[in-house]
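Trainee:
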Amino acid sequence: MQNLQTMKQKRSIPYTAIVLFIIALVLPILFRRSQYNLILLTTVVMYGVLATSWNIIGGMAGQFDLAAGAYLGLGAFTSGTLLIRWDITPWLGMPAGGLIAIGFAVLIGYPLFRFRVREVWYALSSAALVSVLRVAFLMWEEVGGPTERYIPYHDWSFYHLRFSSYIPFYYIMLILLVIALFINHWLSRRKLGYYLLALGDNEDAAEILGVNAQACKLKALMIYAFIGGMVGGLYACLYGFIHPKFFSNTMSLEVAILGIVGGMGITYGPLLAAAILVSMREFLRASLGGQMQSLYLGIYSFVLIIIVLFKPQGLGALLRDIYSRLNYIFRKESPKP
Amino acid sequence: MKKLGFTVFLLVLSMVFVTYVFSAGQAEAKREIPDKLVIGSLEPLTGAHAVFGSEAKLGTEIAVRHINEAGGIKSLGGVKLEVAAEDCGENADTAKLGAESLISKHKPIAIVGLYISRLTVAASEVTEREKVILMVDALVDSVTEMGRRYLFRPGPKASQHGKSAVEFVLGASKKSGTNIQRVAILNEDSAFGRSNAMGATESAITNGLTIVYQREYPYDISDVSSIINDIAAAKPDFVVHCPYFMDAILFANTFKESGKIPKFISGMGACGYTDPESINALGTTAEYYSNTFSYNPAKDTAQNRKFVEDFRKETGHIPTEAGGMDYYITWTLKEALELSGRLFPDDPLNPDNIRKAFLQLDLQSGPAVDTFPTNRITFTETGDNPHARAVILQVINGEPKVVWPFDTAETTAVFPRPDTTY
């Protein structure tokens, strides 16, 4: 009976997704007068993309990856350098950045998975990649170096992906979000998705049952890195420059936190976490940051602790519970355990 | 029906979320302050640079208080100023969000900030698009080389700091009769550090010095003993060093522990060695270290004494680089608004008119100049002040004292270091 309910709910997801997608399409039109609201929307969606792609390696495969900043930085530098040096459009630069990110993902992922580096050791290794790349790009004067490299300013250029409004950036980011969500959803119904979930649950048991852990995890890492690289290309155009500080451990950690707090393995969980937590952080920063310094970070941390303490399964699971309970109240259906 | 129910549930939830996120922005956007001009203060108030950002914000707040006490902007009918402050965080995205947020909610006539160059670059795209004047307290040279029309920097840029550090050592060595020929140049590896080092290198070459050692290092370096050994092996007469904060403490302690101390160690870029936090952290080890400053806390004018006193009341110490800089930056902005009011009485707050006023500004007296390291403030087309120059502070008996330029020095520099070992 429970499986039947889950199946029915699964079938309802595309219909719900279409409604939410229409809302997402309309939002910039509603808030077009305020550039602040538009960049906030874009930022929320950007973190949503990163956290949703993290869900593939972190939520499904159970690898506590802390290298989102590395893939984002590689994408930003690839796309930014192609544009600054050779005037190559970011429309090509973004996928090129994604491919470079895949290259580095294989470079670090293959030996780590081959030698069964897991859990905290995997987390530390992936975090190290961010720091190593930051230092390497600081020293690599031809491409990086300590000085910012500016992307030429254009009021409105689709070729250069430079706009004086955030609306185009929002829609491009939204497309990336849809792709990330679709891949999550698609994977969760494919053999690879089941293997990843099994690995995330108990890697040893999954391997005994014949799952090729190394290959599955590497595929998950490559998908995640590619999306991160694509976002990086857009990030460079959005902010107008590239700098080795883009290889940020803070951002990597934040993406992982959103993935965990959203609900490991729940497709819409990380997006939900990004929508609530990133906008809440920004709301608190804008309201309190100027007067009571650091207080907003304290409140933000407190909210995170509360979520982890009282709903360790994450915000995605919380949303599901609320829906079940409302169903019970209004339709007298038993809430799912 | 069930799938429709779930959809409606999500729809309602989305609407609640959207209302929650944008309620503050929408409500704030409607605020109009017809009798007050808002000055935005956008500084890093959290993270690694919070110590500088907090004092920069305080400098702006004190300046606005003093301007209002003095009658506001007289050419605009005595309109008063008001500070709206926001935290720009540590990253490009938070800096840009901060600029958008400030402009969207408070409609400031100008923004003062953001102390860190890459944050300034990110925010300047927003101020440029919105035609909001950006008064910059970041030192990196390239900030004014991007063709921004509404960006102005009254203070000295980083390369001027590096140049000042070398010129001070040369001047002090002549005065004391010490032979100085060999220099080691050291900087943390950000754009800020490099801009300082470029200025020092240029000045060293111009003055015929021999650069015997040059090194960049990451500011979060944890062990500098090998660098100290390399410096000692190169036997420089003096070291010019652009650190941040923690690395300056590490270098000073390691110099002392190693017992290999050159004739002089001069900081550049105003971070580390001579600021109150560094002196507290280093104790007696801070003695005889010097650094360049964009602000002269010892300038003997009534306005400066008033500012120092007010700043000390709030913090317990004399104004730092960031605090002092933002104080005269805000006064410079006030003078530009005054001029715009006189030149363009029909449309004084038009950003293009304010820009024209900035370009015509030639301050040689008044509160801005009274607290400025030199006695003149004008602006080039790029937004730099060609008359800007840094001063040198040296820690003497636990207190930072202005020792250069010699004609306005508070006391005589201790040169060479009494504890030099080679």
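Heads up: the protein sequence lines correspond to chains F and B, in order. Here the first sequence is numbered in the working numbering, starting from 21 and rising by one per residue. Here the second sequence is numbered in the working numbering, starting from 1081 and rising by one per residue. Ideal placement from N, C-alpha and C gives every residue a C-beta, glycine not left out.
1. Using only alpha-carbon positions, find the residue among B:Thr1364, B:Ala1179, B:Arg1233 that is nearest to B:Leu1439.
2. Give the residues from the stretch 1248-1279 of chain B that approach chain F closer than 9 angstroms (Cβ to any Cβ), ordered along the chain.
3. What does a CB cutoff of less than 6 angstroms around B:Gly1421 pick up in its chain, not counting 5 residues either side in sequence?
4. Sorted by chain position, which residues of the same chain lie with C-beta nearer than 7 angstroms to F:Ile327's C-beta, five sequence neighbours on each side aside?
5. Could you give the first and the last residue of the continuous alpha helix (DSSP H) run that contains B:Glu1225?
6. For chain B, check one thing: does any of its Cβ atoms lie closer than 8 angstroms to the Cβ of F:Val152?
7. Closer than 8 angstroms by C-beta to F:Tyr255: which residues in its own chain qualify, once you throw out the five before and the five after it? Chain order, please.
8. How many Å lie between B:His1129 and B:Cys1322 at the Cα?
9. Check the Cβ of F:Ser321 against every Cβ in chain B and list those closer than 9 angstroms, keeping chain order.
10. Is the distance from the Cβ of F:Ile120 to the Cβ of F:Leu241 below 8 angstroms?
11. Starting from the C-beta of F:Trp106, find all residues in its chain whose C-beta is less than 7 angstroms away, skip the five residues before and the five after it, and write them out in chain order.
12. Which ranges would you report for the beta strand (DSSP E) in the stretch 1234-1314 of chain B if only whole runs of at least 3 residues count?
13. Let me check understanding here. Comparing Cα to Cα, which of B:Ala1361, B:Asp1487, B:Leu1441, B:Leu1473 lies closest to B:Ser1346?
14. Thinking C-beta only, is B:Ile1291 closer than 8 angstroms to B:Lys1265?
15. Let me know the secondary structure DSSP gives F:Gln333 once reduced to three states.
16. Would you say the stretch 1386-1394 of chain B touches the stretch 1161-1177 of chain B, given that touching needs at least three Cβ pairs under 8 angstroms?
17. Using beta-carbon positions only, say whether B:Thr1451 and B:Tyr1407 come within less than 8 angstroms of one another.
18. Buried or exposed for B:Phe1335, please, with buried defined as at least 16 other CB atoms from any protein chain shown within 10 angstroms of its CB.
19. Closer than 8 angstroms by beta-carbon distance: list the chain F residues that pair up with B:Val1503, in chain order.
20. I want to see whether chain B comes within less than 8 angstroms of F:Val163, judged by CB atoms only; does it?
21. Per the contact definition of three or more C-beta pairs closer than 8 angstroms, is the stretch 282-289 of chain F in contact with the stretch 100-118 of chain F?
22. Among all the DSSP beta bridges, which residues are the ones paired with F:Tyr320?
23. Note down, in chain order, each residue of its chain lying with its Cβ closer than 7 angstroms to the Cβ of B:Tyr1293, except the 5 sequence neighbours on either side.
24. Since F:Gln83 and F:Tyr142 should fall inside the 8 angstroms C-beta cutoff, what is the C-beta to C-beta distance between them, to a whole number of angstroms?
25. So is B:Tyr1502 buried or exposed if we call it buried at 16+ other beta carbons inside 10 Å?
26. With respect to the alpha helix (DSSP H) encompassing F:Pro290, which residues constitute its N-terminal and C-terminal limits?
27. On a CA-only basis, which of B:Phe1272, B:Glu1123, B:Gly1139, B:Leu1214 is nearest B:Glu1170? Give me that one, please.
28. Looking at F:Gly248: is its Cβ nearer than 8 angstroms to the Cβ of F:Ala88?
29. Going along chain F, which residues have a C-beta under 8 angstroms from B:Asn1171?
30. With which residues is B:Met1215 paired in a DSSP beta bridge?
31. Mind listing the chain F neighbours of B:Met1226? Cutoff is C-beta to C-beta under 7 angstroms, in chain order.
32. Taking Cβ positions, are F:Leu207 and F:Met80 nearer each other than 8 angstroms?
33. Do we get a CB-CB distance below 8 angstroms when we pair B:Arg1229 with the residues of chain F?
34. Considering only the alpha carbon of each residue, which of F:Glu162, F:Gln234, F:Val251, F:Leu297 lies closest to F:Leu324?
35. With a Cβ-Cβ cutoff of 8 angstroms, do B:Ala1350 and B:Ser1370 count as a contact?
36. Report back the beta-carbon spacing between F:Ser99 and F:Gly253 to the nearest angstrom; my notes put them in contact at under 8 angstroms.
Mentor: So, from the listed chains and residues:
1. B:Arg1233
2. Glu1268, Asp1269, Ser1270, Ala1271, Phe1272, Gly1273, Arg1274, Ser1275
3. Ser1155, Leu1156, Pro1428
4. Val281, Leu335
5. No alpha helix (DSSP H) holds B:Glu1225; DSSP gives it neither H nor E.
6. no
7. Met66, Leu92, Gly95, Ala96, Phe266
8. 16 angstroms
9. Correct list: empty, because the minimum Cβ distance to chain B is about 12 angstroms.
10. no
11. none
12. 1262-1268, 1290-1297
13. B:Leu1473
14. Strictly speaking, residue 1265 of chain B in this sequence is Ile, with Lys absent from that position. Yes.
15. coil
16. no
17. yes
18. buried
19. Because residue 1503 of chain B is not part of the residues shown, which for chain B are 1081 to 1502, the question remains open.
20. no
21. no
22. F:Tyr320 is not bridged to any residue.
23. Ala1264, Asp1310, Ile1311, Ala1314, Pro1316
24. 5 angstroms
25. exposed
26. 289-293
27. B:Glu1123
28. yes
29. Lys265, Ser268, Thr270, Met271
30. B:Val1192, B:Phe1232
31. Tyr170
32. yes
33. no
34. F:Leu297
35. no
36. 3 angstroms
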